[in-house]
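Note sheet for the following structure.
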Amino acid sequence: MDVFSQITGIAFFFLSGICGLLLIFQLYFLLSVYSKLTLYKVPSLPEKLPFYPLSVIICARNEEENLRKNLPHILGQDYPTFEVVLVNDFSEDETKWLLKDLCTQHPHLKVVEIAEHVRLKHGKKFAATLGIKAAQYEHLVFTDADCVPQSTQWLKHMNGAFAGGEEIVLGYSPYVKKSGLLNALIRFETFHTAMSYLSYALRGNAYMGVGRNLAYTKSLFFRGKGFASHMHIASGDDDLFVNQNATPHNTVICIHPEAQVWSEPKTTFSAYARQKTRHASASKAYKPSHRRMLTTQLVSAFLFYLFVIATVVVYPQYWYIGAGMYVFRLLVQLLVYYPITKKLQVKGLLWGLPLLDIAYYGYICLNGFAALFKKEVMWK
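At position 91 of the sequence shown the residue is numbered 91 (full-length UniProt numbering), and the sequence of numbers has no breaks.
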C-alpha cells in the first residue's frame, strides 16, 4: 500500500509539474508578447501629414455581387490621390461588364483582365503580381472583393502609417458578427490571430499579415523578388510575403477603428475548414524561428488543457490544483485580452472565452496536423 501511494504521489507530482511548466509557457506569451498590444496606444492622424499617392489592389474571380456592393466604398475613399487596380482573374460571371460600367463613373479605377489559359493554372499570386506591375504608385494597399472599409478614412490611416519611412503596414480585418457558434469561433480565431501577429510586430518580429488589409511598397516587392520563392504554394500572397520581407525596422501596424476592413465570414463549417487548411499550408513555409515560436504557443496551450483535465480526472481529490492553474491563466487572459478587444472593437467574445479558447486551440492544432497530409488548393 505504501509503495502504491508513493507511485501515485510521484505520478500526481509529474502531472501537476507538467501543468505548471505549460502554465509558465502560456504566461510568457500572455505577459511578454500579447501585453505589447495591451499597452499599445493607438495613434490619431497628425494634422500635418504627407499624402503619398496610393494604389489599392484587389484580385477578384467571380465576385460580381461583392464588387457591386463593396467597390463603391473603396472608390469613394476620402483621399487626395489614389487609384484602384482591379485584377479580373478570368471571371465567368458578369464582373467584366460591371467593371466597364464603374470605369465610366470612376476614372481612378483601372481594370486588369486575365484570360484563362488551358496550360496555365495560376493562383492569386499571379493575379496580384500583375496588379502590382500595373499600379502606377509606389505605395500599395491590398484588400479583397468581399471586404468593405469601416470608414472613408481608411486610406488616410494606412498612408499615415507610412509616415516614418516604413515599408510594410499590417492592418486589421475583422469578420462581421452574426449568430451561431461557428461565427463566434471564426471571430475569436480572427481576433486571436490578429492579437498574435500585431503583438509580434510591436516586438520587432513580424511574421505575417492579412491580405484583406495590408500595405507595402512596390520597391520592397521587387527588391524581395515578389512571390517567386513561394509561387508554388497556393496561398500565402499576404503572410508569406510579410514573413520573408519584414524586419524590425520596416514594419508598422495600423489598427485605428476607422482603418478596419470588414469581411463576410464563412457560413458552413466545411467552408471554414477548407479556408483554414489553405492558410495552414502556407505556414509550413514560414521561417523556422517563426514556426517554432507559433508551434510552441499553440501546442503548449493545447497540452495545458489536456494535462489540466487529466489531473482533475485522475486525481479528483486534488481537483483544486488543476482548477487553480486553469482559473489563474483565465484571469491573466482576461486582463490582457480586455484592453485589446477595446482597441480592436471586438464585442461579445470574452463572455465565451472558456469555451472558445479550448475550441480554438483544439481545432487549430488538429487542423494544422491534418494540413500536413492534404494537397493544396487554388484560391478560387
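The C-beta atom is built at its ideal place from N, Cα and C for all residues, glycine as well.
In the three-state reduction of the DSSP assignment, ALA273 falls in the helix class.
Contact annotation: LEU356 and LEU349 have beta-carbon atoms nearer than 8 Å.
The alpha carbon of PRO46 has as its nearest neighbour, out of TRP97, HIS279, ASN159, the alpha carbon of ASN159. The beta-carbon separation of TYR172 and LEU344, rounded to 6 Å, stays under the 8 Å limit for a contact. A residue is called buried when at least 16 other Cβ atoms come within 10 angstroms of its Cβ; THR267 does not meet this threshold and is exposed. The three-state secondary structure of ILE74, taken from DSSP, is helix. Beta-carbon to beta-carbon, VAL242 and ILE168 are separated by about 6 Å, close enough to satisfy the 8 Å threshold.
Spanning the alpha carbons of ALA128 and ILE10 requires a straight line of approximately 58 Å. Counting only residues of its own chain and dropping the five nearest sequence neighbours on each side, ARG203 has a CB closer than 7 Å to the CB of VAL33, LYS36. In this structure, DSSP gives TYR200 a helical state, which the three-state scheme calls helix. As a beta-bridge residue in DSSP terms, PHE82 pairs with LEU54. With contacts defined by Cβ atoms closer than 8 Å, THR251 and GLU166 form a contacting pair. Under the three-state reduction of DSSP output, LYS110 falls in the strand class. With 16 or more other Cβ atoms from the protein chains shown falling within 10 Å of its own Cβ, ARG212 counts as buried. Separation of PHE12 and ALA310 (C-alpha to C-alpha, rounded to the nearest whole angstrom) is 10 Å.
Excluding residues up to 5 positions away in sequence, VAL84, LEU102, HIS106, HIS108, LEU109 lie with their Cβ nearer than 8 Å to the Cβ of LEU75 in the same chain. In chain order, PRO174, TYR175, LYS177, PRO265, VAL346, LEU349 place their CB closer than 8 Å to the CB of ARG187, counting only its own chain and leaving out the 5 sequence neighbours on each side.
Contact annotation, ALA285 with ILE233: C-beta distance approximately 6 Å; criterion of less than 8 Å satisfied.
Sequence-distant partners of TYR326 (beyond 5 residues in either direction) whose C-beta falls short of 7 Å from its own C-beta, in its chain, are VAL308. Straight across, the Cα-Cα distance linking HIS157 with TYR216 is about 14 Å. The beta carbon of ALA201 lies closer than 6 Å to those of LEU170, THR251, ILE253 in the same chain, with the five residues before and after it left out. TYR286 sits in coil when the DSSP states are folded into three classes, being neither helix nor strand. If you ignore the 5 residues before and after SER55, its C-beta comes within less than 6 Å of the C-beta of GLU83, VAL85, ALA135, TYR137, LEU140, all in its own chain and listed in chain order. If you draw a straight line from the Cα of LEU21 to the Cα of LYS287, it comes to about 26 Å. In this structure, the straight-line span from the alpha carbon of TRP319 to that of ILE255 is close to 41 Å. If you compare the alpha carbons of ALA323, HIS192, ARG292 with that of TYR338, the shortest gap goes to HIS192. Its Cα nearest to that of THR38, the residue SER196 stands out among LYS96, SER196, TYR315. Only exposed fits GLY180, as fewer than 16 other CB atoms lie within 10 angstroms of its CB. Taking every protein chain shown into account, the CB of VAL87 has 16 or more other CB atoms within 10 angstroms, so this residue is buried.
TRP262: not part of any alpha helix (DSSP H); member of the beta strand (DSSP E) spanning 261-263, first to last residue. Here HIS290 is near TYR207, since their CB atoms are less than 8 Å apart. Here DSSP, grouped into helix, strand and coil, assigns PRO354 to helix. Distance from the CA atom of MET231 to the CA atom of VAL312, rounded to whole angstroms, is 48 Å. Less than 8 Å divides the Cβ of PHE269 from the Cβ of LEU182. In this structure, ILE114 keeps its C-beta atom at 8 Å or more from the C-beta atom of LYS218. Across the structure, LYS48 and GLY164 are spaced so that their CA atoms are roughly 13 Å apart.
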